[in-house]
Amino acid sequence: MWRTLLPLALLVAACPRGARPDDALEPNDDASQATPLTPGQPVEGRANQDNPDVFSLEAPEGRTIVFQVDSLGLENCPAFTVAGPDGALLYEDRHHFCNRGPADAVKAPGVEFLLLNVQGHEIGGYELRVPAQQTGRYLLTILEQGRVDNLFPFSWDYRLTPRVE
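For the sequence shown, the working numbering begins at 56 and goes up steadily by one.
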């Protein structure tokens, strides 16, 4: 048995964190390094497991912030968080291992989360709609989750298009 498991164990140990290289937006792992977004201008990124991607968007009070995130391939198991200018948590996924359910998120009043282009178990994208209760900098965090049985770190390629409506 060890003859079979030893090569696999060595291969796993030799894999660096995030088996795929980071995208050009790194480092953007926290609010101080957040990638600034421009409404209507898409950015393409790669979410590697255990390596959050943080984005910032300025919005005026009374408008709606829309984060549309389209899947460009690979594992597609993201968790999203949105914080307001005062640091208040406006949206937070609380699902684990890709088991997204209706009660698996904390949402401030008026926040909407939509699944886009769903075909069977495949989700083509996501849309978060967040009412801007105050003028300022809003933060979106994307974190690629894992599955309970994954041996290697997961990665997900995406296109993020922000809008202020």
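Glycine included, every Cβ here is placed at the ideal spot set by N, Cα and C. Quick caveat, the model's predicted, so the values are computed rather than measured.
Look at residue i and residue j and say whether their C-beta atoms are less than 8 Å apart.
| i | j | result |
| --- | --- | --- |
| Pro133 | Leu198 | yes |
| Leu195 | Phe110 | yes |
| Leu144 | Val185 | no |
| Arg118 | Glu220 | yes |
Starting from residue i, trace the beta strand (DSSP E) both ways and give me its first and last residue.
| i | result |
| --- | --- |
| Asn103 | Val98 to Asn103 |
| Ala143 | No beta strand (DSSP E) contains Ala143, which DSSP labels as neither H nor E. |
| Gln174 | Glu167 to Gln174 |
On the CB-based measure, 16 or more other CB atoms within 10 Å of its CB, does residue i come out buried or exposed?
| i | result |
| --- | --- |
| Leu215 | buried |
| Glu130 | buried |
| Gln174 | exposed |
| Val161 | exposed |
| Trp211 | buried |
| Pro217 | buried |
Quick one: measure Cβ to Cβ for residue i and residue j, integer angstroms, because I've assumed they're closer than 8 Å.
| i | j | result |
| --- | --- | --- |
| Asp148 | Gln189 | Their Cβ separation, rounded to whole angstroms, is 23 Å, which puts Asp148 and Gln189 out of contact at 8 Å. |
| Gly100 | Leu80 | 5 Å |
Which residues share a DSSP beta bridge with residue i?
| i | result |
| --- | --- |
| Ser210 | Asn103 |
| Leu112 | Tyr193 |
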